[in-house]
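S.K.: Pasting a structure here, questions to come.
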Amino acid sequence: MARPTLKGLNDGMRRFAIEYLKDSNATQAAIRAGYAEDSAGQQGHRLLKNEQIRAWLDARLEDAEAVAQFTAERTLRELARVAFADARDLFHEDGRPKAINEIDDDTAACISGVEVVEQYEGSGENREFTGYLKKYRLAEKNAALTNALKYHGLIRERTEVTGKDGGAIQTEDVSKNERARRVAFMLLDALRGKHKDK
Numbered sequence: 017m018a019r020p021t022l023k024g025l026n027d028g029m030r031r032f033a034i035e036y037l038k039d040s041n042a043t044q045a046a047i048r049a050g051y052a053e054d055s056a057g058q059q060g061h062r063l064l065k066n067e068q069i070r071a072w073l074d075a076r077l078e079d080a081e082a083v084a085q086f087t088a089e090r091t092l093r094e095l096a097r098v099a100f101a102d103a104r105d106l107f108h109e110d111g112r113p114k115a116i117n118e119i120d121d122d123t124a125a126c127i128s129g130v131e132v133v134e135q136y137e138g139s140g141e142n143r144e145f146t147g148y149l150k151k152y153r154l155a156e157k158n159a160a161l162t163n164a165l166k167y168h169g170l171i172r173e174r175t176e177v178t179g180k181d182g183g184a185i186q187t188e189d190v191s192k193n194e195r196a197r198r199v200a201f202m203l204l205d206a207l208r209g210k211h212k213d214k
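Be aware that the sequence shown starts at 17, since it is given in this note's numbering, and climbs by one per residue.
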């Protein structure tokens, strides 16, 4: 199967597709591609529905995922490494901390930071190097477990929207005639404002 291209599209559409790769923001991509700011949101939405643009963007995303090896499987594997990490794996059986090259890959993936401090005894010319103080900082296990639970659908996030002062949102059914009347009044107000400015 041939790789998708942007051939046959106009300059604005091609520029939009290229700009969209920068930040995945359709409105901003449309603006950078030269579309008018006041309609950029609508244009971006419309352009993302274009089958040729969508196929080209999907192919670029697949390329990026392949280069970064950023797949759902790898992401879940890394999440599991952090979620199920055991700090005891950083130590030998006798309690001595392991050197970084002695730590297995699963445990090493859980390390979010390393601090190494040279230690000395004495001062001045009599100062003598005694070794290193090594501190390993582990990734946040609770966050990894929470994300894993969300992935498996065991935690569902809810967003509640409230009205004024935390109360219920007031809604009303409006007939087509009432809606048309309100629009007519808004247009009339806008026209009156326009005549006052002159």
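Just so you know, even glycine gets a beta-carbon here, dropped at the ideal spot from N, CA and C.
Compare the C-beta of Arg31 with all C-beta atoms of chain D and state if any pair is closer than 8 Å.
M.R.: Among the chains of the structure shown, chain D does not appear; only one protein chain is present.
S.K.: Is the separation between the beta-carbon of Leu63 and that of Met17 shorter than 8 Å?
M.R.: In this structure, Met17 does not lie closer than 8 Å to Leu63 by Cβ.
S.K.: Where Phe107 and Gly147 are concerned, what is the direct C-alpha to C-alpha distance, given to the nearest angstrom?
M.R.: If you take the alpha carbons of Phe107 and Gly147, they lie about 18 Å apart.
S.K.: Quick one: Cα of Gly138 to Cα of Ala155, how far?
M.R.: So the two alpha carbons sit approximately 36 Å from each other.
S.K.: What residue range does the alpha helix (DSSP H) around Gln44 cover?
M.R.: Where Gln44 is concerned, the enclosing alpha helix (DSSP H) stretches over Ala42 to Arg48.
S.K.: Would the stretch 44-56 and the stretch 86-93 be scored as touching if the rule is three or more Cβ pairs under 8 Å?
M.R.: No contact exists between the stretch 44-56 and the stretch 86-93.
S.K.: When you compare only the Cα positions, how much space is there between Leu92 and Thr175?
M.R.: So the two alpha carbons sit approximately 25 Å from each other.
S.K.: Cβ of Leu73 within 8 Å of Cβ of Ala33?
M.R.: Contact: yes.
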